[in-house]
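*Asks:* The opening position of the sequence shown corresponds to residue 521 in our numbering, with each subsequent residue numbered one higher.
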Amino acid sequence: MRRQREILEGLVRHLEQVCPGQVRAVILYGSRARGDARQDSDVDVLVLVRDRRRIDRDRIYEYVLDATLENGLDISLSIYDADDFERLVALRAPFALNVVREGETLWRAS
521 MRRQREILEG LVRHLEQVCP GQVRAVILYG SRARGDARQD SDVDVLVLVR DRRRIDRDRI
581 YEYVLDATLE NGLDISLSIY DADDFERLVA LRAPFALNVV REGETLWRAS
C-alpha cells in the first residue's frame, strides 16, 4: 500500500510538470479506493483536466507504463475534461456516479 501511494504521488508530480495549469483533480476509484482490492487488482485513476486537447497524453501514458513495468502495479488511467465529467454526473452516468460515490481525491487544484 505504501508503494502504491508513492507511485501515485509520483504520478501527480509528473502531471503537474507535463501539464502545468491543466490538471484540476486526480482521483483514485474502484477497488483500491473502496479498500476491497485483491493483490492482482488494478489501480483505477481518473485525471480531470481543463482541456484534453492541451495536454501531452503520450508523456502521461509513458509514465504510467514505466511505473507499471517497474513496479508491477497495473495503473488504469482515464483522462476526462472536468466539464464533461460534471455533465456525466448530471446525467447520472454509472461510471461518473461510482467515481463520485467511492472516489478518493489524491490531488485537487487550488
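Using N, Cα and C, we set each Cβ at its ideal position, and we do this for glycine too. On a predicted model such as this, the values are computed, not experimentally measured, just so you know.
1) Roughly how many angstroms separate the alpha carbons of residue 609 and residue 618, rounded to a whole number?
2) What residue from 541, 623, 626, 580 has the CA that sits closest to residue 597's CA?
3) Quick one: is residue 623 buried, meaning 16 or more other Cβ sit within 10 Å of its Cβ, or exposed?
4) Straight-line CA distance for residue 582 to residue 611?
5) Which word fits residue 620, buried or exposed, when buried means at least 16 other C-beta atoms lie within 10 angstroms of its C-beta?
6) Kindly indicate which three-state DSSP category residue 551 falls into: helix, strand or coil?
7) Should residue 533 and residue 591 be called a contact, given that it needs their Cβ atoms to be closer than 8 angstroms?
*Replies:* In this structure, then:
1) Spanning the two alpha carbons is a distance of roughly 9 angstroms.
2) The shortest Cα separation from residue 597 among 541, 623, 626, 580 belongs to 580.
3) Around the beta-carbon of residue 623, 16 or more other beta-carbon atoms lie within 10 Å, marking it buried.
4) Their Cα atoms are separated by approximately 32 angstroms.
5) So residue 620 ends up on the exposed side.
6) The answer is helix: DSSP assigns residue 551 an H, G or I state.
7) Not in contact: residue 533 and residue 591 (Cβ atoms no closer than 8 angstroms).
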